[in-house]
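Trainee:
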Amino acid sequence: MFESWKRGLRVFFPFLCWVSIIGELRSRRRGLFWEKTGRGLPRRGQGPSVWLHTLSVGEVAGAGVLGLAIKKRFSSLRVILTVATLAGYKRAQRHFGDHLEVWPGPLLCSQVFERYFQAFSPRLFVLVESDLWPNLIYYLKKKGLPLLLANAALSEKSYKRLARVPRLARWLYGPFSVLVAASPEDRARLTRLLPQTPILYLGNLKYDFPPPSPEEVENLRRTLLPHLQNPIIVAGSTHPGEEVLILKAFRLLGKGSLILCPRKPERATELLALSREFGLSAALRSRPSPSQVLVVDTLGELRALYGLAEVALVGGSWVPIGGHNLLEPAALKVPVVFGPYTESVDSVARELLSSGGGLRVASDPSALAQTLERTLVEKSLRGKAAFSVYQTHRGAVDRYLRLLSQFL
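Once you know that position 282 of the sequence shown is 284 in my numbering, the rest is easy, because the numbers rise by one and skip nothing.
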């Protein structure tokens, strides 16, 4: 029965191609549609490569840092980075375009895959994080290419679903030569799910992305400080449902300035209005003015904005998202406050809690306000503790290079 179902999935691949085309045309990524067909790629003959592929903004940092290290270690190889979303592609171009070949990810069509394959001449394909594209993966596997899944994440919920259909799990992950987990917890779940598959944990690539330079932070400080009051609190990567909690807590705190950085900058106007509904003066980052709340409507500044903070709130943790990167503020010696939902960053959350560099707070405005008050008093000690946790997570790239050398 499973073999029939598996064959049916492969028959379904051409349908995925049409879904991919329609989705690109209807979305805001349609500006990249022509590039994603592979028509503008370089012709074959420019030399072999390592092909890194990832989904969006959140994965670009780890993929790019690995790409730079590969370029330095294996200088005879081209290093290609493809990114599926427009926002991720723009970020990759901005941070890595001077050193890596950055292209939009392909449409999910076999003809397009062939154009990419011919243009890149890859010796190794590295998928960064766990957004699996079965038709692309199986196409490359048929070409005899070694495939590696890096920063592989598997939530408890996804594990339970796949554990019910273990043959599907083996089919999805089977083409990969090796899986490298994003955390010890991910490795444990993947090992239970795929006991015959080589699964390693080498550290998380995104934590090797260098923190913003002092110059970046100082430039923001000069631009924004005239419009802000101390203490400055930065709430990063927030989602709907979290901003109300944060604004209520900030109003109860009754001092300082809040820099509110939503996960999706297009929500900035909505959050500007929401802040004013709470009786707080508010302005947009693109048009700063003296205000209690500064809503960030720009891309790519969050990491440097954390450098202005005395306390950081990391979003995706007060709603069931799983939490975002807790070590971005920690890298700048800023204490980290987060909510109860940290499944995606569980080991780091526990280390921050144990060290005192992080505090977990329930979805309660009064409790959050009290925690902010307490953390502001203890910010120096807690910031140093957070930084010590960040330092222990560095070095994944070197371990990845030792692994990749087996395939190159």
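Idealized CB from N, CA, C, for every residue including glycine. These numbers were taken from a predicted model, which means no experiment stands behind them.
Taking DSSP as the reference, what is the three-state secondary structure of E103?
Mentor: One-based indexing of the sequence shown puts residue 103 at position 101. Of the three classes helix, strand and coil, the one that applies to E103 here is strand, per DSSP.
Trainee: Under 9 Å between C-beta atoms, does P290 make it to chain B?
Mentor: Absent here is chain B; the protein component of the structure consists of one chain.
Trainee: Give me the Cα-Cα distance between A65 and G318, rounded to the nearest whole angstrom.
Mentor: Stepping through the sequence shown from its first residue, residue 65 is reached at position 63. Stepping through the sequence shown from its first residue, residue 318 is reached at position 316. The straight-line gap from Cα to Cα measures roughly 22 Å.
Trainee: What does the alpha-carbon distance come out to for the pair M3 and A86?
Mentor: To locate residue 3, count along the sequence shown from 1; it is residue 1. To locate residue 86, count along the sequence shown from 1; it is residue 84. The predicted model places M3 with a pLDDT of 39, which falls under 50 and marks its position as unreliable; any figure quoted below should be read in that light. Cα-Cα distance, rounded: 33 Å.
Trainee: Quick check: what's the CA-CA separation for L129 versus P322?
Mentor: By one-based count along the sequence shown, residue 129 stands at place 127. By one-based count along the sequence shown, residue 322 stands at place 320. Spanning the two alpha carbons is a distance of roughly 25 Å.
Trainee: In three-state DSSP terms, what is A284?
Mentor: As a first step, residue 284 is located in the sequence shown; it is residue number 282 there, counting from the start. Of the three classes helix, strand and coil, the one that applies to A284 here is strand, per DSSP.
Trainee: How many Å lie between Y2 and S349 at the Cα?
Mentor: What is shown of the chain runs 3 to 410, which leaves residue 2 out entirely.
Trainee: From which residue to which residue does the alpha helix (DSSP H) around Y308 run?
Mentor: Position 306 of the sequence shown holds residue 308. Looking at the DSSP string, the run of the alpha helix (DSSP H) that includes Y308 is L304 to Y308.
Trainee: By Cβ distance below 6 Å, which residues in the same chain neighbour A333 in space, the five residues on each side in sequence not counted?
Mentor: The residue labelled residue 333 in the question sits at position 331 within the sequence shown. Correct list, in chain order: P213 and Y392.
Trainee: Distance check for F409 and P197, CA to CA, integer angstroms please.
Mentor: If you number the sequence shown from 1, residue 197 lands on position 195. If you number the sequence shown from 1, residue 409 lands on position 407. Rounded to the nearest angstrom, the two C-alpha atoms are 22 Å apart.
Trainee: At 4 residues or longer, what runs of the alpha helix (DSSP H) sit wholly inside the segment 300-365?
Mentor: Entirely contained in the segment 300-365, the alpha helix (DSSP H) runs reaching 4 residues are, in chain order, 304-308, 329-332 and 348-357.
Trainee: Can you grab the Cα-Cα spacing for the pair L222 / N153, in whole Å?
Mentor: For the purposes of this step, residue 222 is taken as the residue at position 220 of the sequence shown. For the purposes of this step, residue 153 is taken as the residue at position 151 of the sequence shown. Looking at the two C-alpha atoms, the distance is approximately 31 Å.
Trainee: Can you look up S185 in the DSSP assignment and give me helix, strand or coil?
Mentor: For the purposes of this step, residue 185 is taken as residue 183 along the sequence shown, with counting starting at 1. Of the three classes helix, strand and coil, the one that applies to S185 here is coil, per DSSP.
Trainee: Which partner residues does S277 have in the DSSP bridge list?
Mentor: Sequence index remark: in the sequence shown, residue 277 carries index 275 (1-based). DSSP lists no partner for S277.
Trainee: Rounding to the nearest angstrom, what Cα-Cα distance links L88 and K38 in this structure?
Mentor: By one-based count along the sequence shown, residue 88 stands at place 86. By one-based count along the sequence shown, residue 38 stands at place 36. In a straight line, the C-alpha of L88 is about 11 Å away from that of K38.
Trainee: Compute the distance between the beta-carbons of V316 and S239, then report whether it is under 9 Å.
Mentor: One-based indexing of the sequence shown puts residue 316 at position 314. One-based indexing of the sequence shown puts residue 239 at position 237. Cβ distance < 9 Å, so V316 and S239 count as in contact.
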